[in-house]
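In my numbering, the protein residues as written are -15 to 215.
Just so you know, even glycine gets a beta-carbon here, dropped at the ideal spot from N, CA and C.
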Amino acid sequence: MALELTYDLIARRIDHSLLQPTLTTPEMEAGCILAAEYGVASVCIKPFAVPLAARLLRGTCVEVGTTIGFPHGGHLTAVKADESRRAMDDGATELDMVINIGQAIGGEWAAVSADIKAVVDVAHAGGAIVKVIFENCYLTDDQKVQLCRICGEVGADYVKTSTGYGTGGATHEDLILMRKSSPPSVKLKAAGGVRTLDQAIEVVELGCDRFGASRTAEILDDLRVRLAGGS
């Protein structure tokens, strides 16, 4: 690979996903413990469980992330802003917000920009970062490019491919397009479909500073074997 493969190169780009609708509280607790043991970048957990994650991860290197307007993005902007405040009050430092998908498809760009900016402004005032979820499976390339431009204008921290719950996840073509279309100040996150170590390496090589994963243990166990000289 073009980059030197190290444990931190992969682990510190993982947002360990704890968003599956059927997850119980004990399962989310176990997921937080796993994230700390493996030293990943963050967990992305259901909003009601942010206090649990904040308690379990206090004193570790793992950030607490949650979702805003998830998974369809159709919440009122004021609700998204309030959800952001409440999440930060509960201990979240990273917010993954879903755009208003229908407004983007309909070309209502002023409304889309205002929606994203409202969450970015609230988050930055509270010391959190924002990853803006596009849900690319429903969008044209021109719409994705426009969203990247808007995210740069309003100061979003990341652009993100998908929720992981649409009809498709991250593709190499989308990651290349989003990296090319975003200013250097905006980072890139892949979500949906990163299930193996080789897939993780591929998205990192394409410029991702973060990627979502639910198979974190398998990916990082395989990485340890590879770094030790195994197959």
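Cα separation between residue i and residue j?
{"i": "residue 147", "j": "residue 176", "result": "7 Å"}
{"i": "residue 144", "j": "residue 27", "result": "15 Å"}
{"i": "residue 30", "j": "residue 50", "result": "6 Å"}
{"i": "residue 52", "j": "residue 96", "result": "15 Å"}
{"i": "residue 125", "j": "residue 174", "result": "16 Å"}
{"i": "residue 217", "j": "residue 132", "result": "No answer is possible for residue 217: the residues shown for the chain start at -15 and end at 215."}
{"i": "residue 63", "j": "residue 4", "result": "22 Å"}
{"i": "residue -15", "j": "residue 127", "result": "Reliability of the predicted coordinates at residue -15 is poor, the pLDDT of 47 falling under 50, and the value obtained from them is presented with this limitation in mind. One C-alpha to the other measures close to 31 Å."}
{"i": "residue 87", "j": "residue 210", "result": "45 Å"}
{"i": "residue 182", "j": "residue 165", "result": "25 Å"}
{"i": "residue 17", "j": "residue 41", "result": "8 Å"}
{"i": "residue 80", "j": "residue 54", "result": "8 Å"}
{"i": "residue 122", "j": "residue 92", "result": "15 Å"}
{"i": "residue 195", "j": "residue 25", "result": "10 Å"}
{"i": "residue 9", "j": "residue 167", "result": "39 Å"}
{"i": "residue 207", "j": "residue 186", "result": "13 Å"}
{"i": "residue 138", "j": "residue 12", "result": "33 Å"}
{"i": "residue 94", "j": "residue 70", "result": "26 Å"}
{"i": "residue 161", "j": "residue 151", "result": "19 Å"}
Less than 8 Å separating the beta-carbons of residue i and residue j?
{"i": "residue 14", "j": "residue 46", "result": "no"}
{"i": "residue 212", "j": "residue -6", "result": "no"}
{"i": "residue 82", "j": "residue 108", "result": "no"}
{"i": "residue 102", "j": "residue 77", "result": "no"}
{"i": "residue 68", "j": "residue 129", "result": "no"}
{"i": "residue 214", "j": "residue 169", "result": "no"}
Can you look up residue i in the DSSP assignment and give me helix, strand or coil?
{"i": "residue 241", "result": "With the chain covering only -15 through 215, there is no way to say anything about residue 241."}
{"i": "residue 80", "result": "strand"}
{"i": "residue -1", "result": "strand"}
{"i": "residue 180", "result": "coil"}
{"i": "residue 47", "result": "strand"}
{"i": "residue 149", "result": "coil"}
{"i": "residue 163", "result": "helix"}
{"i": "residue 18", "result": "helix"}
{"i": "residue 201", "result": "helix"}
{"i": "residue 212", "result": "coil"}
{"i": "residue -7", "result": "helix"}
{"i": "residue 169", "result": "coil"}
{"i": "residue 196", "result": "strand"}
Could you check which residue in the options has the C-alpha nearest to that of residue i?
{"i": "residue -1", "options": "138, 212, 104 and 197", "result": "197"}
{"i": "residue 193", "options": "16, 163 and 180", "result": "163"}
{"i": "residue 204", "options": "-3, -12 and -13", "result": "-3"}
{"i": "residue 7", "options": "-12, 33 and 24", "result": "33"}
{"i": "residue -8", "options": "199, 150 and 188", "result": "188"}
{"i": "residue 201", "options": "1, 100, 54 and 70", "result": "1"}
{"i": "residue 190", "options": "172, 54 and 137", "result": "172"}
{"i": "residue 99", "options": "90, 10, 41 and 84", "result": "84"}
{"i": "residue 118", "options": "70, 206 and 158", "result": "158"}
{"i": "residue 48", "options": "66, 23 and -11", "result": "23"}
{"i": "residue 114", "options": "59, 65 and 36", "result": "65"}
Could you check how far apart the C-beta atoms of residue i and residue j are, in whole angstroms? I think they sit under 8 Å.
{"i": "residue 75", "j": "residue 38", "result": "3 Å"}
{"i": "residue 72", "j": "residue 110", "result": "4 Å"}
{"i": "residue 140", "j": "residue 104", "result": "5 Å"}
{"i": "residue 116", "j": "residue 142", "result": "7 Å"}
Using a beta-carbon distance below 8 Å, is residue i in contact with chain C?
{"i": "residue 0", "result": "Included in the structure is just one protein chain, with no chain C present."}
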